[in-house]
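Chemist: So the sequence shown is numbered by full-length UniProt numbering: it starts at 1 and just counts up by one.
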Amino acid sequence: MWSQASSALHVDVYMPGPLSDAGLSYLHGGAWRDPRKTHLDFTPSLNRFIALPESSRVAAYASIDYRLSPHPEFPQDPASTPPEQLRNATHPAHLQDVWSALGNLQQSFGFGSDYIVIGHSAGATMAYQLLMGAAALGGADVPSGVELPKAVVGFQGIYDLRGLVDRFGPGYAGFITSAFGDPSTWDRASPMKYTGGFRSHWEGGEVAVLGRSPDDELVDAPELEGMAEVLEKEQVNHLVFKDMKGTHDGVWQDGHHVARLIAETIKAIYT
């Protein structure tokens, strides 16, 4: 186990195999702001996956924490909270932390592009935002030398910020605004609205994967369906799984269907 902690950025790594095999990085959800969601959310899925034969192709697993936005149910006093512990991040800080973590992992373990990024909910948003490059960073530069993954996997994911708010109303506008600020910026940060061309920007990409449970009570089917349409239109090789089981968080809390998603991704890349 190896971990890096710098303010809210924390990376835990489990390495059961040789570095010649692939890596996998997990991005937890939590609406960019829930301090109860952490890198430990990957544990049930990891335990399920390492029991599968496809796990023999993965050498290292990383789970990444990133800076969070303010949450009204978990207030902090800036006067008594150390600056590095304040949850006051706004976009693109969350995504910049992910880029930084991936860069450090690549430097430390040398897996290059031979890795998979999988994200739940807001983590799925960021997994697909990686493929948007600078467009998802509000004009900031993409860190040099960081290679994109061979595959991205999003489950129970958010891909159209404005569309989600339009369908669910003010309650959702609150957490989207907390993370992304003015609504005029939302489309530029939404993978479903990206116009730069996933296929041309992601030249080394092999497969994009989308998953959802029909029992998801927090993110509805149009998010997956709309993102799948974009990938189809751009002729990006992709897999769609609409038969995951469990509630929005229940899917990762059980881990069985997340492990299956990873296994199918491994098969798509290596067989």
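Using N, Cα and C, we set each Cβ at its ideal position, and we do this for glycine too.
For residue 191 versus residue 235, is the C-beta spacing smaller than 8 angstroms?
Modeler: Not in contact: residue 191 and residue 235 (Cβ atoms no closer than 8 angstroms).
Chemist: Can you look up residue 154 in the DSSP assignment and give me helix, strand or coil?
Modeler: Residue 154 falls in the strand class under three-state DSSP.
Chemist: With residue 244 and residue 155 assumed to form a contact (beta carbons below 8 angstroms), what rounded beta-carbon distance in angstroms separates them?
Modeler: 6 angstroms between Cβ atoms; contact.
Chemist: Report the three-state DSSP secondary structure of residue 236 (helix, strand or coil).
Modeler: It is coil, neither helix nor strand.
Chemist: Counting Cβ pairs closer than 8 angstroms, one from the segment 252 to 260 and one from the segment 42 to 54, do we hit at least three?
Modeler: At 8 angstroms Cβ cutoff, the stretches touch.
Chemist: Under DSSP, the beta strand (DSSP E) around residue 118 begins and ends at which residues?
Modeler: Where residue 118 is concerned, the enclosing beta strand (DSSP E) stretches over 115 to 120.
Chemist: Assign residue 150 to one of two classes, buried (16 or more other C-beta atoms within 10 Å of its C-beta) or exposed (fewer than that).
Modeler: Buried, by the Cβ-count rule.
Chemist: So, with DSSP's three-state summary, where would you put residue 241?
Modeler: Correct three-state label for residue 241: strand.
Chemist: Answer with buried or exposed for residue 92, where buried requires no fewer than 16 other C-beta atoms within 10 angstroms of its C-beta.
Modeler: Buried.
Chemist: Would you kindly report the start and end of the unbroken beta strand (DSSP E) that includes residue 12?
Modeler: Looking at the DSSP string, the run of the beta strand (DSSP E) that includes residue 12 is 9 to 14.
Chemist: Which residues mark the beginning and the end of the alpha helix (DSSP H) in which residue 105 is found?
Modeler: Unbroken alpha helix (DSSP H) run through residue 105: 93 to 109.
Chemist: Does the Cβ-Cβ distance between residue 97 and residue 61 come in under 8 angstroms?
Modeler: Cβ distance not < 8 angstroms, so residue 97 and residue 61 don't count as in contact.
Chemist: Please report the Cβ distance between residue 277 and residue 30, rounded to the nearest whole angstrom; I am assuming they are in contact, meaning their Cβ atoms lie under 8 angstroms.
Modeler: There is no way to answer for residue 277, as the model of the chain reaches only from 1 to 271.
Chemist: Secondary structure at residue 5, three-state DSSP: helix, strand or coil?
Modeler: Residue placement at residue 5 is poorly supported in this model, since its pLDDT is 46, which falls under 50; the coordinates still yield a value, given next. It is a strand residue.
Chemist: Ignoring anything shorter than 4 residues, give me the alpha helix (DSSP H) runs that lie fully in the segment 127 to 186, in order along the chain.
Modeler: 161 to 168 and 170 to 180, all fully within the segment 127 to 186.
Chemist: Report yes if the CB atom of residue 94 is closer than 8 angstroms to the CB atom of residue 252, and no otherwise.
Modeler: No. Outside cutoff.
Chemist: Is residue 58 near residue 101, with beta carbons less than 8 angstroms apart?
Modeler: Contact flag unset, no.
Chemist: I'd like the list of long-range same chain contacts for residue 85, defined as Cβ closer than 6 angstroms, with 5 residues on each side in sequence excluded.
Modeler: Excluding residues within five positions, none has a Cβ falling inside 6 angstroms.
Chemist: Tell me the DSSP secondary structure of residue 219 in three-state form.
Modeler: It is coil, neither helix nor strand.
Chemist: Leaving out five residues on either side along the sequence, give the residues of the same chain with a beta carbon under 7 angstroms from the beta carbon of residue 230.
Modeler: Result list for residue 230: 192, in chain order.
Chemist: Hey, could you find the ends of the beta strand (DSSP E) residue 46 is sitting in?
Modeler: Note, residue 46: premise wrong, no beta strand (DSSP E); alpha helix (DSSP H) at 43 to 49.
Chemist: Since residue 209 sits in a beta bridge, which residues does DSSP pair it with?
Modeler: Residue 209 pairs with 153 and 239.
Chemist: Just how far apart, CA to CA, sit residue 343 and residue 240?
Modeler: It is not possible to answer for residue 343, since the shown part of the chain is limited to 1 through 271.
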